Amino acid sequence: MTTLDVTIMGQAYRLACKEGEELALKQAVAYLDERMNAIRDAGKIKGTDRIAVMAALGIAADFLASRNASGPFSSMSLSEVREKITSMNAILDTALAPQEKLF
Numbered sequence: 025m026t027t028l029d030v031t032i033m034g035q036a037y038r039l040a041c042k043e044g045e046e047l048a049l050k051q052a053v054a055y056l057d058e059r060m061n062a063i064r065d066a067g068k069i070k071g072t073d074r075i076a077v078m079a080a081l082g083i084a085a086d087f088l089a090s091r092n093a094s095g096p097f098s099s100m101s102l103s104e105v106r107e108k109i110t111s112m113n114a115i116l117d118t119a120l121a122p123q124e125k126l127f
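Written as structure tokens, this is what we have:
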């Protein structure tokens, strides 16, 4: 496990993630920070917890809308998408393992 120090809406957090997933976590943090700051800056909602809930709802709505689009994951449930991502990660790990030994 790796830990990352991040900031979301000016608040520092120490987050744990699996090795090799740091970039994805940093991207998720940046996306969440952007969404929460936009909600806060609009000035209609007060309180970090309420801003976080509104951001989560917006992100969930975006995810669900993308599932309804005609993309590769459109007909899959959330658990099926997770299984597919896990499977892809395993394939990539197997493919990259020989290269990692070189470094």
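In this note's numbering, the protein residues as written are 25 to 127. Cβ atoms here follow ideal geometry from the backbone N, Cα and C, with glycine treated the same way. Note that the structure is predicted; figures quoted are calculated from it, not measured.
When rounded, the separation of the alpha-carbon atoms in residue 60 and residue 111 is 32 angstroms. Partner residues in the beta bridge of residue 38, as assigned by DSSP, are 29. Minimum Cα-Cα distance from residue 75 among the listed residues 57, 101 and 50 corresponds to 57. Under the DSSP assignment, residue 60 falls in the alpha helix (DSSP H) whose first and last residues are 46-66.
Cβ neighbours of residue 32 within its own chain (closer than 8 angstroms, five residues either side excluded): 53, 56, 57 and 60. For residue 37, the CB contacts under 6 angstroms within the same chain, skipping 5 residues up- and downstream, are 30 in chain order. With contacts defined by Cβ atoms closer than 8 angstroms, residue 27 and residue 40 form a contacting pair.
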